[in-house]
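Chemist: Sequential numbering from 1 applies to the sequence shown in full-length UniProt numbering. By construction, the Cβ of each residue, glycine as well, lies at the ideal position given by its N, Cα and C atoms.
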Amino acid sequence: MSQPHRSIVFLQEMGVGPQWLLRDRVAAPPEYAEEEAIDAAPEPVMEAAPAPEPALAPAPAPAPIAPPAQPVAQSDDDMSWFDEAPAPPPKAPVLKQSAPPRPKASEPETAEDTSWFDAVPAAPVQRAPARTAATDEEIAAMDWPTLQAAVRRCTRCDLCATRRAAVPGQGDEQARWLVLGTAPTAEDEEVEQPLSGQPGQLLANMLNAVGLSTERGAYVTTLVKCRAVAEDGTDRLPSADELAACRPYLDRELALTGAGLALTVGGVTAKGLLGMAARGKVLRYGELPVVATFHPADLLKKPEDKARAWADLCLARSAHAGRR
Numbered sequence: 001m002s003q004p005h006r007s008i009v010f011l012q013e014m015g016v017g018p019q020w021l022l023r024d025r026v027a028a029p030p031e032y033a034e035e036e037a038i039d040a041a042p043e044p045v046m047e048a049a050p051a052p053e054p055a056l057a058p059a060p061a062p063a064p065i066a067p068p069a070q071p072v073a074q075s076d077d078d079m080s081w082f083d084e085a086p087a088p089p090p091k092a093p094v095l096k097q098s099a100p101p102r103p104k105a106s107e108p109e110t111a112e113d114t115s116w117f118d119a120v121p122a123a124p125v126q127r128a129p130a131r132t133a134a135t136d137e138e139i140a141a142m143d144w145p146t147l148q149a150a151v152r153r154c155t156r157c158d159l160c161a162t163r164r165a166a167v168p169g170q171g172d173e174q175a176r177w178l179v180l181g182t183a184p185t186a187e188d189e190e191v192e193q194p195l196s197g198q199p200g201q202l203l204a205n206m207l208n209a210v211g212l213s214t215e216r217g218a219y220v221t222t223l224v225k226c227r228a229v230a231e232d233g234t235d236r237l238p239s240a241d242e243l244a245a246c247r248p249y250l251d252r253e254l255a256l257t258g259a260g261l262a263l264t265v266g267g268v269t270a271k272g273l274l275g276m277a278a279r280g281k282v283l284r285y286g287e288l289p290v291v292a293t294f295h296p297a298d299l300l301k302k303p304e305d306k307a308r309a310w311a312d313l314c315l316a317r318s319a320h321a322g323r324r
């Protein structure tokens with residue numbers, strides 16, 4: 001076998017495959033043939049090395065799958081966020097809802113202004129009736145319901161501007177005794193009852209001692225039907241003009257009840273009615289007998305005067321009996 005054939009066979013046994021030699025190349029000696037084969041062997045290996053790269057190429061295949069998955073997820077997030085982006089339009093309705101409250105806020109203000117404006121004429125309306133206040137003649141012709149109503153809406157003096165309520169008389173409309181105070185107190189005005197509270201309870205006991213009550217035989221009223229208030233808010237004595245303005249109401253009460261005696265409580269009341277005050281004697285208001293005694297409020301402060309008040313009640317009872 002020739003030398004070239006041996007080399008081919010040797011290479012085949014080594015798994016290297018045939019080598020092509022240039023025609024003008026001289027074959028290497030046998031001792032170098034092996035070295036040449038070793039040197040040449042890496043060449044195919046080096047050339048074959050790129051071959052595995054295609055095998056590695058499939059590995060990136062998962063990579064394209066992963067990247068698309070991530071963008072898809074991100075795009076979904078972005079889309080969901082974008083879908084939520086129209087949330088600003090809901091803000092527009094919120095602004096529309098806030099707009100209505102503004103008119104509502106303006107409505108109360110308008111209502112307040114309107115009520116204030118409407119209230120302006122109300123003041124003249126309350127004071128204007130002074131022009132049409134009941135005259136003395138009209139009062140003298142009133143029956144009980146008309147008289148009570150006239151007292152409540154009276155504008156015959158300036159007390160109508162400061163009062164909270166007028167206080168008509170109360171009691172038996174066919175009374176034998178007319179019990180007379182000066183003017184309503186703050187407590188009387190609040191309950192709209194003359195001589196109320198503890199003084200009123202003591203008065204009831206005094207009347208009961210002589211067989212009378214506001215349900216039977218006694219009528220309680222005041223010289224002035226409205227509370228007279230001082231600048232500091234306390235009670236004050238009524239003026240002469242205020243007493244004169246209310247006198248027709250008292251005269252009509254006396255006429256309607258047909259009372260046979262007037263019992264004045266407190267020195268101020270007797271002076272307001274008669275111009276003088278004197279206990280222990282029978283005075284006269286026209287033809288009507290009048291007896292003055294202590295005010296129940298004073299008796300509460302000075303209980304020792306109750307005996308003297310009892311003497312006044314006995315005098316009044318005798319005066320009333322003598323008149324009959």
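What does Tyr249 pair with, by DSSP beta-bridge criteria?
Modeler: BP columns for Tyr249 are empty, so no partner.
Chemist: In the DSSP assignment, find the unbroken beta strand (DSSP E) run with Arg284 in it and report its ends.
Modeler: Run containing Arg284: 283–285, per the beta strand (DSSP E) assignment.
Chemist: Alpha carbon to alpha carbon, how far is Asp235 from Ala307? Give it in angstroms, no decimals.
Modeler: Cα to Cα, Ala307 sits roughly 28 Å from Asp235.
Chemist: Determine the contact status of Leu202 and Pro296, defining contact as a CB-CB distance below 7 Å.
Modeler: Yes, the pair counts as a contact, with Cβ atoms nearer than the cut-off.
Chemist: Below 7 Å between beta carbons: does that hold for Pro194 and Val229?
Modeler: Not a contact, by the Cβ cut-off of 7 Å.
Chemist: Roughly how many whole angstroms lie between the Cα atoms of Ser318 and Gly260?
Modeler: Using only the alpha carbons, I get a separation of about 11 Å.
Chemist: Our contact map puts Glu231 next to Leu159 with C-beta atoms below 8 Å; I'd like the distance itself, whole angstroms only.
Modeler: That pair is no contact at about 14 Å.
Chemist: What are the complete beta strand (DSSP E) segments, minimum 3 residues, inside the region 160–230?
Modeler: Here the runs fully enclosed are 177–181, 218–222.
Chemist: Can you tell me whether DSSP reads Asp232 as helix, strand or coil?
Modeler: Asp232: coil per DSSP, three-state reduction.
Chemist: When burial is assigned at 16 or more other CB atoms within 10 Å of the CB, is Ile65 buried or exposed?
Modeler: Unreliable placement is indicated for Ile65, whose pLDDT of 48 sits below 50; no coordinate value is reported for it.
Chemist: Spell out the partners DSSP gives Pro289 in its beta bridges.
Modeler: Note: Pro289 sits in a beta bridge opposite Arg284.
Chemist: Contact check, Gly171 vs Ala218 under 8 Å by CB: the rounded distance?
Modeler: Rounded, the Cβ-Cβ distance is 5 Å, consistent with contact.
Chemist: If we count Cβ pairs, one from each stretch, closer than 8 Å, do we get three or more for the region 174–190 versus the region 253–269?
Modeler: Cβ pair count under 8 Å is three or more, so yes.
Chemist: How would you call Cys226, buried or exposed, if buried means at least 16 neighbouring beta carbons within 10 angstroms?
Modeler: Buried: at least 16 other Cβ atoms inside 10 Å.
Chemist: From the DSSP output, which residues share a beta bridge with Leu261?
Modeler: Per DSSP, Trp177.
Chemist: Quick check: what's the CA-CA separation for Thr162 versus Cys154?
Modeler: C-alpha separation (whole angstroms): 12 Å.
Chemist: I need the straight-line Cα distance from Ala277 to Leu313, nearest angstrom please.
Modeler: The alpha-carbon atoms of Ala277 and Leu313 are separated by roughly 16 Å.
Chemist: Ordered along the chain, which non-local residues of its own chain (more than five positions away) have a Cβ less than 7 Å from that of Ala175?
Modeler: Excluding sequence neighbours, Ala175 sits near Gly217, Ala218, Tyr219, Thr257, Ala259.
Chemist: Work out the CA separation of Ala204 and Ser213 for me, nearest whole Å.
Modeler: One C-alpha to the other measures close to 6 Å.
Chemist: Which of the three DSSP states is assigned to Arg156 in this structure?
Modeler: Coil at Arg156, not helix or strand.
Chemist: In the DSSP assignment, find the alpha helix (DSSP H) that holds Thr269 and state where it starts and stops.
Modeler: From DSSP, the alpha helix (DSSP H) with Thr269 extends over 267–274.
Chemist: Using 8 Å for Cβ pairs, my map puts Cys157 next to Ala270. What's the rounded Cβ distance?
Modeler: At roughly 21 Å, the Cβ-Cβ gap does not stay under 8 Å, so Cys157 and Ala270 are not in contact.
Chemist: Determine the contact status of Glu189 and Ala165, defining contact as a CB-CB distance below 7 Å.
Modeler: In this structure, Ala165 lies closer than 7 Å to Glu189 by Cβ.
Chemist: For Ser318, name the three-state secondary structure that DSSP assigns.
Modeler: In the structure shown, Ser318 sits in a helix (DSSP, three-state: H, G or I).
Chemist: What do you get for Arg252, buried or exposed, if any count of 16 or more other CB atoms within 10 angstroms of its CB means buried?
Modeler: With 16 or more Cβ atoms within 10 Å of its Cβ, Arg252 is classed as buried.
Chemist: Are the Cβ atoms of Ala309 and Phe294 separated by less than 7 Å?
Modeler: Cβ distance < 7 Å, so Ala309 and Phe294 count as in contact.
Chemist: Within 10 Å of its beta-carbon, does Thr132 have 16 or more other beta-carbons around it, so buried, or fewer, so exposed?
Modeler: Flag for Thr132 reads exposed.
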